[in-house]
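Enquirer:
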Amino acid sequence: MMTPKIYIAQDPVLEEVLDTATDRLRAEGWEVVRGPQITPGVPLRLTEEQRQALLSDVDIIVASSRSRLSEADLDASPRLRALVFPTIGVDAVDLEACAARGLIVANGATPENFLAMSEATVMLMLVLLYRLHESERLLRENAGRPQQMYARMVRGRTIGLIGSGRIGAGVIERLLAFEPAQILVHDPFLTPDTAPAGVRLVERDALLTTSDVVSLHVPLNAQTRGMIAEAELRAMKTNAVLINTSRGGLIDEDALVRVMTAGHLAGAGLDVTETEPLPADHPLRGLDRVILTPHILGHTIDLYTVMPDVLVENATRIMKGDLPTYVRNPDVVERWRQKLNDLN
9 MMTPKIYIAQ
19 DPVLEEVLDT
29 ATDRLRAEGW
39 EVVRGPQITP
49 GVPLRLTEEQ
59 RQALLSDVDI
69 IVASSRSRLS
79 EADLDASPRL
89 RALVFPTIGV
99 DAVDLEACAA
109 RGLIVANGAT
119 PENFLAMSEA
129 TVMLMLVLLY
139 RLHESERLLR
149 ENAGRPQQMY
159 ARMVRGRTIG
169 LIGSGRIGAG
179 VIERLLAFEP
189 AQILVHDPFL
199 TPDTAPAGVR
209 LVERDALLTT
219 SDVVSLHVPL
229 NAQTRGMIAE
239 AELRAMKTNA
249 VLINTSRGGL
259 IDEDALVRVM
269 TAGHLAGAGL
279 DVTETEPLPA
289 DHPLRGLDRV
299 ILTPHILGHT
309 IDLYTVMPDV
319 LVENATRIMK
329 GDLPTYVRNP
339 DVVERWRQKL
349 NDLN
């Protein structure tokens, strides 16, 4: 059998994970090709020369959101059978382009991944509703207790989720213990029979105008990019809270700055932004009611412990002709099996 060959893109955020996986695969007899270094904040796009040198005969490509894959990349190797992402998100590649080529896309949708994001999302909700960052600042500045209380409970309030999926379902499960008045969900892929227990499916406009907290749980694609623009922000309650732990491109950040500067919305919690890392002079940094974190909330010790294991397991299963443990595009499975037959 030909030695399996895998291309692993660089990623400064996942460097330790990818290095560990590289060492393990090489120890198991794989030929591993590493990609060029990445400049933080600038997603890598391979040149034609790099493409030919790095991808021309690989069986598997490992990528992340910091390394963009073009259709030319997918066509570079006649041996290519799959893409593997160590993370949940796979927006660095066009899934339709993968489907057209019979390429399976594996990701790292482990409980340590999606449940960490669920916990972190609920944490952001609580921090913003209780205005924890403001209380902490008062103590540090020795400003004394405020004359008026602003903290709000989850209990008795309406929480809205745009999109669901594994992370959203985990958020819902955890929120139910807080006894909200209702949990609204807008997700065109859900029906009353498939929706999580304890929620009500509604149209997006109704969710925006009714919810005390709006949390985004959708992938970034052509349909969702900029889905929360100025009109949507102004449709929300004046004292509502906006949470985004999904992808930065979902929100029009310029509109968010304008709306919040005008006094609309009680707060926003953003673990993701359009440009990462967020530029030092970005106006979002100057808004007191915005909590910003550098796309790190779900990155726990627990997650980083299992990520190399899942990456290696997915790659190994693919080379054996078995489905990877976590498949992002299950609708391609039959075409993928036919592709494997053709390759063999």
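Note that the working numbering gives residue 302 to position 294 of the sequence shown, counting from 1, and the numbers run on in steps of one. Every residue, glycine too, gets a C-beta built ideally from N, C-alpha and C.
Which same chain residues, not among the five before or five after Leu52, have their C-beta less than 8 Å away from its C-beta?
Expert: Mapped onto the sequence shown, residue 52 falls at position 44. So the qualifying residues of the chain are Ala17, Gln18, Gly43, Pro44, Ile46, Arg74, Ser75 and Arg76.
Enquirer: Identify every residue that forms a DSSP beta bridge with His194.
Expert: Stepping through the sequence shown from its first residue, residue 194 is reached at position 186. DSSP output for His194 lists Ile170 as bridge partner(s).
Enquirer: Would you say the stretch 202-213 touches the stretch 177-191, given that touching needs at least three Cβ pairs under 8 Å?
Expert: Short answer: they touch.
Enquirer: Counting only runs of 3+ residues fully inside the stretch 35-118, write out the beta strand (DSSP E) ranges in chain order.
Expert: Taking only runs of at least 3 residues, the beta strand (DSSP E) segments lying wholly in the stretch 35-118 are 39-42, 68-70, 90-92 and 112-114.
Enquirer: Distance check for Ala71 and Glu144, CA to CA, integer angstroms please.
Expert: Translated into positions along the sequence shown, residue 144 becomes position 136. Translated into positions along the sequence shown, residue 71 becomes position 63. Rounded to the nearest angstrom, the two C-alpha atoms are 39 Å apart.
Enquirer: Under the three-state reduction of DSSP, which class applies to Val210: helix, strand or coil?
Expert: Residue 210 sits at position 202 when you count from the first residue of the sequence shown. In this structure, Val210 counts as coil in the three-state DSSP scheme.
Enquirer: Would you report the Cα separation of Ala323 and Val162, rounded to the nearest angstrom?
Expert: Reading the sequence shown from its first residue, position 315 is the one you call residue 323. Reading the sequence shown from its first residue, position 154 is the one you call residue 162. Taking the straight line from one Cα to the other gives about 42 Å.
Enquirer: For the stretch 289-298 and the stretch 265-276, state whether three or more C-beta atom pairs, one from each stretch, are separated by less than 8 Å.
Expert: At 8 Å Cβ cutoff, the stretches touch.
Enquirer: Could you give the uninterrupted runs of the alpha helix (DSSP H) lying entirely in the stretch 298-347, keeping only those of 4 residues or more?
Expert: Counting whole runs of 4 or more residues, the stretch 298-347 contains the alpha helix (DSSP H) stretches 309-327.
Enquirer: First and last residue of the beta strand (DSSP E) that includes Ala276?
Expert: Locating residue 276 in the sequence shown gives position 268, where the first residue counts as 1. Here the beta strand (DSSP E) through Ala276 covers Gly275 to Leu278.
Enquirer: Starting from Leu224, trace the beta strand (DSSP E) in both directions and tell me its first and last residue.
Expert: What you label residue 224 is simply residue 216 of the sequence shown in a count that begins at 1. Per DSSP, Leu224 belongs to the beta strand (DSSP E) from Val221 to Leu224.
Enquirer: Considering only their Cβ atoms, is the gap separating Leu88 from Leu8 smaller than 8 Å?
Expert: Residue 8 falls outside the range modelled here, since the chain spans only 9 to 352, and no answer is possible.
Enquirer: Classify Val267 as helix, strand or coil using the three-state DSSP reduction.
Expert: If you number the sequence shown from 1, residue 267 lands on position 259. Correct three-state label for Val267: helix.
Enquirer: So who's on the other strand from Asn252, going by DSSP bridges?
Expert: In the sequence shown, residue 252 corresponds to position 244, counting from 1. Its beta-bridge partners are Leu224 and Leu278.
Enquirer: Report the option in Ser78, Ala90 and Arg139 whose CA atom is closest to the CA atom of Val66.
Expert: Your numbering for residue 66 matches position 58 in the sequence shown. Comparing Cα-Cα distances from Val66 to each of Ser78, Ala90 and Arg139, the minimum goes to Ala90.
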